[in-house]
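**Student:** Residue numbers (our numbering): 696 to 826.
We treat Cβ as the ideally placed atom computed from N, Cα and C, and that holds for glycine.
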């Protein structure tokens, strides 16, 4: 019985959106009163998002959830989550996975990376299609 080849495009997309969110996010919403402590509060327009509420991005939320699940699951899953974070954050635009792995650390095994992305993808699909 042959192993089915999986399509990781959506998993890659969610991880890339997570990296962008993680690099731009300081832990507080952009309009947080804690972040702007001491500044005069502006009165928000009726149509604006209330203070303290993050704009909704389903892909980032899913990536956060899956990475948290992996971190809490087992030591091996936590290592895989860390590997995904490091490689995705360190990967340059248009760079292949193998080139990124070699550049980041030549000791990273390509098989370990693909096992990590496969686990991420399986958990992501479970999260999406859970009823």
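#1: Mark residue 706 as exposed unless 16 or more other C-beta atoms lie within 10 angstroms of its C-beta, in which case mark it buried.
#2: Along the alpha helix (DSSP H) that carries residue 754, what are the first and last residues, could you check?
#3: Starting from residue 815, trace the alpha helix (DSSP H) both ways and give me its first and last residue.
#4: In chain order, what residues of the same chain lie with their CB nearer than 8 Å to the CB of residue 782, ignoring the 5 residues before and after it?
#5: Are residue 775 and residue 822 close, meaning C-beta to C-beta below 9 Å?
#6: Per DSSP, what kind of secondary structure is residue 801 in: helix, strand or coil?
#7: Starting from the C-beta of residue 675, find all residues in its chain whose C-beta is less than 6 Å away, skip the five residues before and the five after it, and write them out in chain order.
#8: Quick check: what's the CA-CA separation for residue 701 versus residue 819?
#9: Quick check: what's the CA-CA separation for residue 754 versus residue 709?
#10: Buried or exposed: where does residue 811 fall if 16 or more other Cβ atoms within 10 Å of its Cβ makes it buried?
**Tutor:** Taking the coordinates as given:
#1: buried
#2: 753-768
#3: 805-824
#4: 792, 795, 796, 799, 803, 808
#5: no
#6: coil
#7: Residue coverage of the chain in this structure runs from 696 to 826, which leaves residue 675 outside it and unanswerable.
#8: 13 Å
#9: 5 Å
#10: buried
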